[in-house]
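In my numbering, the protein residues as written are 71 to 708.
Working notes for the structure below.
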Ligand code: WTA
């Protein structure tokens with residue numbers, strides 16, 4: 071079966087077929103992959119439990135699909151082009167053959183260090199080729215990887231390690247990001263003080279900084295590779311995995327509690343990421359694909375590693391940041407590696423746009439034929455700039471909507487096939503059945519409606535559970551509306567049936583495309599010894615999309631407010647990571663609460679959005695006068 075639709079008529083026909091006969095549709099897609107043993111049943115599902123199984127009893131290994139199956143015809147084709155942080159350092163190119171060799175080698179390193187099928191491995195690495203190598207090596211032997219983004223703190227790492235009971239950690243001495251060196255190993259050392267499950271740490275040399283190495287626990291990546299070489303570099307056959315065996319865990323923030331470990335399984339995730347990569351980007355075999363995400367997030371998992379590699383594509387990965395050494399860096403990379411398809415986030419577009427056109431004008435972007443956007447709503451101004459300055463009005467922009475829990479893109483234009491409109495994710499991909507529901511759960515039929523976005527039928531890439539806590543998965547995603555997966559996003563379907571995602575309707579913020587849970591952040595702030603209580607809301611931010619606004623009640627002791635703000639930021643950095651630091655901290659004597667003590671975030675949101683006219687009735691509050699006081703204080707903050 072052809073994965074790419076040919077034109078809009080073909081899309082419509084394929085879509086209709088996929089709804090009428092979903093099992094037949096997905097079976098056709100799955101057959102384009104390499105299975106060690108075919109499934110006996112395409113799908114069984116029950117959203118109430120939830121219990122979802124795709125390609126039951128099928129046996130498969132995703133690393134074999136990403137590597138081995140391309141070797142015969144495309145062994146010398148570049149699989150990964152790696153661009154270092156420092157533009158004067160040489161780029162590295164790994165062909166499919168070379169990548170396979172490295173993956174097998176490192177898979178043997180993992181085995182030598184006691185890792186077995188089903189064991190959990192935490193990966194805390196910078197954006198270097200060894201990161202996808204480590205991921206694919208885990209997949210090869212059936213170990214479950216849990217990648218932790220390099221911007222998270224020691225505390226966040228240890229929470230994730232303990233939750234998944236990881237037995238091994240893969241890290242580096244340090245990593246480069248722009249002008250900074252991040253001391254990854256030292257952060258891991260702090261994390262491991264409270265992690266009893268970890269037996270081994272493999273440390274890659276990248277930044278060449280001094281690190282402490284603990285005898286019996288810590289080993290060097292390079293030494294371990296030498297050992298495998300001296301064993302004669304044996305091959306490492308790909309473990310036979312069940313389609314429903316867990317491939318990886320990725321932690322993500324929700325509206326309550328600590329981040330949860332989203333579980334993706336092998337067969338469905340492979341089929342879904344490969345299919346959506348090929349179809350959405352209309353990937354042609356000679357094209358160079360550059361996704362600027364960090365592999366620490368789902369976008370990097372699905373569209374730097376698994377999706378492109380399962381399709382035999384050339385995937386560019388970049389170690390640094392788009393604004394270093396200057397705001398032209400991304401365009402330099404496009405020029406240097408002749409990138410054809412660029413997939414980035416609105417926050418990056420806005421920051422490069424703000425830096426000035428002089429950084430993009432004059433760069434040779436003639437290789438670009440298709441553009442993508444992901445992670446947050448894209449505003450019209452950024453969309454137009456991306457279209458004109460980067461795509462020169464000729465490259466279709468696919469505004470791809472999806473979530474960590476979804477595995478891959480759900481609602482998006484198909485490049486060059488679907489018409490596009492700024493700010494619109496347009497139409498569901500084949501196999502995806504979105505519905506809009508009102509607060510009461512009534513399905514809103516027809517066009518020109520807006521409501522909460524749900525998906526009423528399973529797709530292969532969806533999460534199966536949250537690690538160690540199935541009930542939490544049910545509660546979070548499958549209990550709000552019976553028989554449906556609830557996304558947490560609001561959405562509009564216009565008169566033409568086109569979808570526009572309007573943002574989260576729950577207490578999750580999206581700051582520079584990163585998900586931040588308000589409860590998690592409030593808990594971190596409340597750890598500060600001077601803080602009595604806090605409330606977090608998002609506010610419109612010109613570059614980040616949403617900024618973090620913290621209302622904080624301090625104890626009665628006199629405080630130097632500027633110093634306390636710094637202390638609160640330091641506390642947040644330590645407990646979660648610097649990405650969660652509030653942009654604005656306003657000290658308040660109290661918070662607007664109902665008589666039962668519930669914080670009225672709606673009111674706080676209106677205040678920070680400057681929408682004072684629609685605050686509404688405050689007479690039911692415990693202390694209505696507090697609203698005026700907070701308003702006055704907020705007016706002084708900006
Ligand atoms: C938001 C990132 C508007 C949305 C892949 C979702 C978007 C959350 C878009 C998931 C888009 C993602 N337009 N909003 N194209 N893409 N979002 O889990 O609110 O990091 O629920 O996955 O980002 O973020 P996550």
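Positions of the beta carbon are idealized from the N, C-alpha and C atoms, including for glycine.
This one's a predicted model, so the numbers in the text were calculated from it and none came from an experiment.
Per-residue DSSP class, three states only, for residue i
i	result
residue 192	strand
residue 129	strand
residue 561	strand
residue 385	strand
residue 613	coil
residue 504	strand
residue 110	coil
residue 448	coil
residue 73	coil
residue 152	strand
residue 608	strand
residue 320	strand
residue 442	strand
residue 646	coil
residue 311	strand
residue 300	helix
residue 529	coil
residue 85	helix
Residue i CB to nearest heavy atom of the ligand FAD below 8 Å
i	result
residue 343	The model depicted lacks the ligand FAD and carries the ligand WTA instead.
Cα-Cα separation, residue i to residue j
i	j	result
residue 544	residue 127	24 Å
residue 138	residue 375	15 Å
residue 339	residue 659	49 Å
residue 670	residue 581	22 Å
residue 601	residue 634	9 Å
residue 184	residue 519	55 Å
residue 328	residue 463	43 Å
residue 179	residue 523	44 Å
residue 298	residue 191	20 Å
residue 222	residue 207	23 Å
residue 372	residue 571	21 Å
residue 416	residue 303	44 Å
residue 695	residue 596	24 Å
residue 108	residue 296	38 Å
residue 393	residue 116	46 Å
residue 488	residue 480	14 Å
residue 456	residue 573	21 Å
residue 555	residue 548	5 Å
residue 270	residue 300	21 Å
residue 443	residue 86	26 Å
residue 476	residue 118	18 Å
Cβ neighbours of residue i in the same chain (closer than 6 Å, five flanking residues each side left out)
i	result
residue 281	243, 255
residue 279	243, 244
residue 492	450, 453
residue 228	261, 264, 265
residue 193	204, 215, 217, 240
residue 517	563, 565, 567
residue 642	594, 650, 651
residue 653	617, 618
Neighbourhood of residue i by C-beta distance below 8 Å, restricted to the same chain and skipping five residues each side
i	result
residue 578	323, 324, 325, 558, 585, 586, 587, 588
residue 161	151, 152, 153, 154, 406, 407
residue 402	157, 433
residue 430	398, 401, 422, 459, 460
residue 656	619, 620, 621, 622, 700, 703, 704, 707
Cut-off 7 Å between Cβ atoms - residues of its own chain near residue i, not counting five sequence neighbours on either side
i	result
residue 465	438, 439, 440, 441
residue 592	604, 605, 606
residue 546	324
residue 97	112
residue 501	88, 92, 95, 96, 529
residue 135	103, 104, 340, 380
Item to check | Whole alpha helix (DSSP H) elements within the region 214-292, 4-residue minimum | outcome: If we require 4 residues or more, the alpha helix (DSSP H) runs fully inside the region 214-292 come out as 224-234, 254-262.
Next on the checklist: So within the region 559-597, which uninterrupted alpha helix (DSSP H) runs reach at least 4 residues, ignoring any that extend past its ends?
Outcome noted: Whole alpha helix (DSSP H) segments, 4+ residues: 588-596.
Next on the checklist: Suppose only complete runs of 3+ residues qualify. What are the beta strand (DSSP E) ranges in the region 471-520, listed by chain order?
Outcome noted: Qualifying beta strand (DSSP E) stretches, in chain order: 504-507.
Next on the checklist: Can you confirm whether the region 75-83 touches the region 91-103 when touching is taken to mean that 3 or more C-beta pairs between the two stretches lie within less than 8 Å?
Outcome noted: Note that the region 91-103 does not touch the region 75-83; fewer than 3 beta-carbon pairs, one per stretch, sit closer than 8 Å.
Item to check | Segment contact flag, the region 329-343 with the region 148-166, C-beta cutoff 8 Å, min 3 pairs | outcome: In this structure the region 329-343 does not touch the region 148-166; the number of beta carbon pairs closer than 8 Å is below three.
Checklist entry - With a cut-off of 8 Å, do at least 3 Cβ pairs link the region 349-366 to the region 407-421? => result As far as the Cβ criterion goes, the region 349-366 touches the region 407-421, which means the pair count is three or higher.
Next on the checklist: Between the region 178-197 and the region 608-619, can you find at least three pairs of beta-carbon atoms closer than 8 Å?
Outcome noted: Counting Cβ pairs under 8 Å, fewer than three are found: no touch.
Item to check | Any alpha helix (DSSP H) of 4 or more consecutive residues that is wholly inside the region 652-705 | outcome: Whole alpha helix (DSSP H) segments, 4+ residues: 671-678.
Checklist entry - So does the region 122-136 actually touch the region 526-534, counting three or more Cβ pairs closer than 8 Å? => result Because the criterion of three Cβ pairs below 8 Å is met, the region 122-136 and the region 526-534 touch.
Item to check | contact_flag[the region 128-147, the region 380-390] where n(CB pairs < 8 Å) is 3 or more | outcome: Yes, since at least three Cβ pairs between the region 128-147 and the region 380-390 fall closer than 8 Å, the two stretches touch.
Item to check | Whole beta strand (DSSP E) elements within the region 334-413, 3-residue minimum | outcome: DSSP runs (the beta strand (DSSP E)) wholly in the region 334-413: 358-361, 384-388.
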